[in-house]
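With my numbering applied, the sequence shown covers 37 to 419. Using N, Cα and C, we set each Cβ at its ideal position, and we do this for glycine too. Here is the structure we will look at.
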Amino acid sequence: MKNLSLLFLAAFTAWAVAVVGKDLATRKIPNASIKTGLQLLAAALLVFGAYTWLGYYGRVQSFLNLNFYWLLCLHLFWTILAGVLLWYAEIWPAGDAKFFILVSAALPLANPYLKNFPSFLFLSLLINIFVAAAFWAVGSHIASGFASASPSDFFAEMWRDVKNRLGSLAAGSGKLAAGAYVLNLGFLFLLQQVMSMEARGFLSRFFSRADLLFFFLFILWDKVGEVFRSRRWVIVTAVCYLLYFFLGYFLFRERLWLLLTAAVTNVIKFSLLLFAGRFMLEFLMERKDTVCLTAAELEPGVVLTSKAAREFKANPVFDGLFDDCFKDGLTAEQTDAVKDWLKKLPVRDPKVETVRGRPFALWIFAGAALLLALDRNIAGLLK
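And the structure:
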């Protein structure tokens with residue numbers, strides 16, 4: 037059985053390396069490559085399934101039992117959900133999301149004894165992917181500053197950009213908005229604490245993982261973040277807080293403040309993660325690859341920076357055309373709309389911020405390699 041897993045790992049690695057090579061060369065993952073990977077995975081499942089059948093009939097000694105395939109289905113559910121959300125949240129293009137799904141699905145076949153399989157293996161893989169990519173992107177950006185003709189000017193400009201980004205974040209939120217954010221988000225983490233305490237079995241393990249809630253909120257923040265500042269949710273959560281204190285006094289008095297303290301701690305942790313990862317790290321990573329294009333240079337498939345995407349979403353001229361601005365790049369309709377808008381601006385040669393496509397398949401592959409080698413996520417090594 038071990039030899040079969042090693043054979044599959046070798047074949048799948050060869051396919052993944054070919055995909056990474058194409059992504060580095062063209063910054064695109066073709067659907068033909070995804071189809072090949074899917075066929076390879078399906079063939080491997082048939083072979084492993086045949087071994088399982090032979091094992092139950094006593095023909096082979098080492099095989100995967102039927103329970104493994106149920107656990108694999110659970111892992112695939114979380115993997116596919118994560119991949120779709122990363123695409124829908126406008127973080128990855130569809131090709132990268134598909135490649136991630138195939139790589140994550142292959143991990144248990146390469147090593148059925150990986151930690152966190154089945155429910156949280158996808159999360160360990162994502163942590164490895166993004167932490168490794170972030171360290172490399174920021175590190176290489178800083179290194180390029182030291183290697184530039186004038187490092188002092190490079191870092192002075194970068195610091196000005198950071199201060200401008202901080203200023204734009206501060207201008208977008210007042211004290212009332214910040215209070216609403218804390219109140220609403222705090223109740224969500226408080227509910228997670230209560231459910232973790234009261235639920236049993238799988239639900240208990242699910243709700244006890246605050247990092248899962250961190251992941252979904254972090255990924256979907258651009259889609260759901262405004263909910264935590266809305267007046268309606270302030271009223272709803274205020275009522276829920278009153279119910280919490282009233283019912284908690286009778287049902288779990290000794291844990292009342294303990295759960296509330298844990299929820300507040302998670303709000304602080306998530307706020308720091310959101311600020312560092314979503315607002316600042318994303319900004320620094322994009323800063324390195326930002327290219328300003330004129331109307332004549334724009335074409336379908338060009339990827340907007342996060343800043344440009346936010347501005348276009350808020351611009352009433354586009355009438356909701358950029359509500360969904362996926363990392364697959366501009367559609368033909370969006371490209372024409374931006375070109376018309378640029379031509380009407382009373383500015384000579386106006387430009388729009390775009391970002392060169394990142395060959396992220398390399399980091400997906402690297403994250404999987406790290407997971408197989410270390411059997412844990414990088415963040416766990418930093419504790």
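From the options, residue whose alpha carbon lies closest to that of residue i
| i | options | result |
| --- | --- | --- |
| Arg268 | Leu309, Tyr280, Leu219, Phe254 | Leu219 |
| Glu369 | Ala125, Gly57, Leu292, Leu334 | Leu334 |
| Met37 | Leu381, Gly73, Ile65, Ala80 | Ala80 |
| Val230 | Arg265, Thr115, Ala246, Gly215 | Ala246 |
| Asp385 | Thr330, Phe225, Pro187 | Thr330 |
| Phe158 | Leu117, Ser184, Tyr149, Phe182 | Leu117 |
| Asp372 | Gly337, Leu398, Pro382 | Gly337 |
| Thr72 | Trp377, Gly94, Val55 | Val55 |
| Thr341 | Gly261, Ala50, Val391 | Val391 |
| His177 | Leu308, Leu249, Glu193 | Glu193 |
| Tyr217 | Phe251, Leu278, Ser307 | Ser307 |
| Leu378 | Ile400, Val353, Leu398, Arg394 | Val353 |
| Leu398 | Glu318, Arg346, Ala133, Ala345 | Ala133 |
| Ile127 | Tyr280, Leu381, Lys380, Asp360 | Asp360 |
| Phe348 | Trp114, Lys375, Val327 | Lys375 |
| Leu309 | Phe250, Val263, Lys343, Ile271 | Phe250 |
| Thr297 | Ala183, Leu226, Thr115 | Leu226 |
| Gly215 | Leu248, Arg265, Lys259, Val167 | Arg265 |
| Arg63 | Gly131, Phe190, Ala409, Ala86 | Gly131 |
| Ala345 | Leu278, Ala61, Lys259, Gly85 | Lys259 |
| Ala125 | Tyr277, Gly261, Asn351 | Gly261 |
Counted within 10 angstroms of its Cβ, other Cβ atoms place residue i as buried (16 or more) or exposed
| i | result |
| --- | --- |
| Lys419 | The pLDDT assigned to Lys419 is 43, lower than 50, so where the model puts this residue is not dependable, and the model offers no usable value. |
| Asp59 | buried |
| Lys199 | exposed |
| Phe282 | exposed |
| Trp195 | exposed |
| Ser160 | buried |
| Gly222 | buried |
| Tyr149 | exposed |
| Pro144 | buried |
| Asp364 | buried |
| Ser69 | buried |
| Val303 | buried |
| Ile65 | buried |
| Leu122 | buried |
| Val383 | exposed |
Distance, residue j Cα to residue i Cα
| i | j | result |
| --- | --- | --- |
| Phe362 | Leu294 | 41 Å |
| Met321 | Thr88 | 46 Å |
| Glu290 | Ala299 | 16 Å |
| Val174 | Ile165 | 14 Å |
| Leu417 | Asp411 | Only weak support exists for where Leu417 lies, its pLDDT of 49 falling under 50; the value from the coordinates is given anyway. Roughly 11 Å separates the two Cα atoms. |
| Phe135 | Ser98 | 30 Å |
| Asn147 | Phe396 | 24 Å |
| Gly403 | Val139 | 10 Å |
| Phe171 | Gly313 | 12 Å |
| Val83 | Ser41 | 10 Å |
| Phe358 | Tyr92 | 55 Å |
| Val96 | Ala52 | 30 Å |
| Ala142 | Phe48 | 8 Å |
| Gly181 | Ser188 | 8 Å |
| Leu74 | Leu253 | 29 Å |
| Trp257 | Asn103 | 36 Å |
| Val120 | Leu292 | 37 Å |
| Leu90 | Ala78 | 18 Å |
| Leu100 | Asp355 | 54 Å |
| Pro129 | Leu287 | 47 Å |
| Leu169 | Ala179 | Reading off the sequence, residue 169 comes out as Ala, not Leu. Going from the Cα of Ala169 to the Cα of Ala179 covers about 15 Å. |
| Leu224 | Leu45 | 41 Å |
| Asn39 | Leu406 | 21 Å |
| Val339 | Leu366 | 6 Å |
| Arg323 | Glu389 | 10 Å |
| Gln228 | Val275 | 17 Å |
| Ser186 | Ile271 | 54 Å |
| Leu43 | Asn67 | 25 Å |
| Tyr105 | Gly85 | 9 Å |
beta-carbon residue i near the ligand FAD non-hydrogen atom, thresh 7 Å
| i | result |
| --- | --- |
| Arg314 | The ligand content of the structure shown is nil, which means the ligand FAD is not present either. |
Note down, one range per segment and in chain order, each alpha helix (DSSP H) of at least 4 residues found wholly within the stretch 366 to 396. Uninterrupted alpha helix (DSSP H) stretches at least 4 residues long and entirely within the stretch 366 to 396 occur at 368 to 380, given in chain order.
Which runs of the beta strand (DSSP E) at least 3 residues long sit entirely within the stretch 288 to 371? Give them in chain order. 326 to 330
Any chance the stretch 104 to 111 sits against the stretch 147 to 161, with 3 or more Cβ pairs inside 8 Å? Look at the beta carbons and you see the stretch 104 to 111 touching the stretch 147 to 161: at least three pairs across the two are nearer than 8 Å.
Which whole runs of the alpha helix (DSSP H) in the stretch 126 to 184 are 4 residues long or more, in chain order? 130 to 146, 157 to 183
Please give me, in chain order, every unbroken run of the beta strand (DSSP E) with length at least 3 that falls completely inside the stretch 59 to 124. none
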